[in-house]
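Visitor:
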Amino acid sequence: MRLSGSITALATPFTATGEIDLDAWNRLLDGQLAAGTQGVVVAGSTGEAAALFDAEYDTLLRTAVERVAGRIPVLAGTGLSNTAKTIELTRRVAALGADAALVVTPPYVRPTQPGLVAHYRAIADDDALPIVLYNVPGRTGGDLLPGTVAELVSHPRIVGIKEARSEPERMAALLEFKNEGFAILSGDDPTACRAMFAGADGVISVASNVVPRAFHRLADLARAGKRDEALALDARLQSTYDFLGVEPNPIPVKALLARQGIGHGLRLPLLPLPAAHAATAQAIAAQVAELELECRESLAA
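Spelled out as structure tokens, the structure:
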């Protein structure tokens, strides 16, 4: 399996009473498919995985696998703070039909770099699914260093990395390991265009929940080396990137999805977008709608 292009880290829609909204979930999936999104992640950090009960997690993934029906890869977030539990969850999502597991570095426990090597090798050796490494130090408290990635890239079941650090030096270091069996994916929307210019295979995006066509087009342009067009589109997305950072993810993106009729809120301890940002959210929602319409016409041409 080769991961590339625009991959969406899906938000999880809830009803007004806090239940999983399967109708909204199906509409979100359908919208991603119609926009040309090249992969989806179920129950990652954007999907509020930590707030999901096991039965809810399974329902979301099973529904996504059925809805997607093999058209694009479905990744499931399985990274936990303990290796044995991560292996158990990865087996479970394999049985539910996921194509790969997105495995974040163990949150909170802050293992050493040798510990991370042992962790990922144990999960990959279990052979339940192809594994995508995921490094996001701001959420986990640990950093998967390039030298550690170098020890993992040769494993046949480790097929890529989502790197959420934004420094160009980090991306350059990881691109040294890119090969036919190991994809380099940006996990940082504001710098994803730059990363793809440098050679990254694609992006696992939060913004593409609400601008899936724009991100599909951005990935196509950037990977084709069409710098002027890609930079122009990326500049138009800047205000969306800025808004998505005003509160912890996924608070802002879910505020925009709600304005698109998809979902009603979050689960504690996350709170809804503060009223102070409501006017900005409304303005960004209008910009998003206009941009998506333009990109729809461009992709159809």
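So the sequence shown is numbered by my numbering: it starts at 4 and just counts up by one.
From the three backbone atoms N, C-alpha and C, an ideal C-beta is built for every residue, glycine too.
Beta-carbon within less than 7 Å of V249's beta-carbon, same chain only, minus the 5 sequence neighbours each way: which residues are those?
Guide: For the purposes of this step, residue 249 is taken as the residue at position 246 of the sequence shown. Sequence-distant Cβ neighbours of V249 in its own chain, meaning closer than 7 Å and more than five residues away, are P255 and H280.
Visitor: Taking E59 and I23 to be in contact with their CB atoms under 8 Å, please state how far apart those CB atoms are, rounded to whole angstroms.
Guide: On the sequence shown, position 56 is the one that residue 59 refers to. On the sequence shown, position 20 is the one that residue 23 refers to. Indeed, because the Cβ distance is near 5 Å, the residues count as touching under 8 Å.
Visitor: Leaving out five residues before and five after R220 in sequence, what residues of the same chain have Cβ atoms less than 8 Å from its Cβ?
Guide: Stepping through the sequence shown from its first residue, residue 220 is reached at position 217. So the qualifying residues of the chain are L236, C298, S301 and L302.
Visitor: Expressed to the nearest angstrom, what Euclidean distance is found between the alpha-carbon atoms of L31 and E170?
Guide: The residue given as residue 31 occupies position 28 in the sequence shown. The residue given as residue 170 occupies position 167 in the sequence shown. Each residue's Cα considered, the two are about 31 Å apart.
Visitor: Measure the Cβ-Cβ separation of V44 and L13 and say whether it is below 8 Å.
Guide: For the purposes of this step, residue 44 is taken as the residue at position 41 of the sequence shown. For the purposes of this step, residue 13 is taken as the residue at position 10 of the sequence shown. Yes.
Visitor: Relative to the C-alpha of F246, which residue among R230, L224, V152 and A289 is closest?
Guide: For the purposes of this step, residue 246 is taken as residue 243 along the sequence shown, with counting starting at 1. Between F246 and the set R230, L224, V152 and A289, the nearest pair of CA atoms involves A289.
Visitor: Measuring alpha carbon to alpha carbon, tell me which residue in A284, P110, N212 and A203 is nearest P242.
Guide: Walking along the sequence shown from the start, residue 242 turns up at place 239. According to the sequence shown, residue 242 is Ser rather than Pro. The candidate whose alpha carbon is nearest that of S242 is A284.
Visitor: What does a CB cutoff of less than 7 Å around R239 pick up in its chain, not counting 5 residues either side in sequence?
Guide: Mapped onto the sequence shown, residue 239 falls at position 236. Excluding sequence neighbours, R239 sits near L294.
Visitor: Can you tell which of I134, T151 and L36 has its C-alpha closest to the C-alpha of V68?
Guide: In the sequence shown, counting from the first residue as 1, residue 68 sits at position 65. When only C-alpha atoms are compared, the closest one is L36.
Visitor: Can you say whether D223 is buried or exposed, counting buried as having 16 or more other CB atoms within 10 angstroms of its CB?
Guide: Taking the sequence shown and counting its residues from 1, the one referred to as residue 223 is at position 220. With 16 or more Cβ atoms within 10 Å of its Cβ, D223 is classed as buried.
Visitor: How long is the line joining the alpha carbons of A87 and T15, rounded to whole angstroms?
Guide: Within the sequence shown, residue 87 is the residue found at index 84, counting from 1. Within the sequence shown, residue 15 is the residue found at index 12, counting from 1. Between A87 and T15, the C-alpha separation is close to 26 Å.
Visitor: Restricting to Cα atoms, I'd like to know which of R160, L147 and L276 is closest to A176.
Guide: For this step, residue 176 is matched to residue 173 along the sequence shown. The option with the nearest alpha carbon to A176 is L147.
Visitor: Here's the rule I'm using: 16 or more other beta-carbon atoms within 10 Å means buried, otherwise exposed. How should Y111 be labelled?
Guide: Sequence index remark: in the sequence shown, residue 111 carries index 108 (1-based). So Y111 counts as exposed.
Visitor: Contact between the stretch 130 to 142 and the stretch 101 to 121: three or more CB pairs below 8 Å?
Guide: yes
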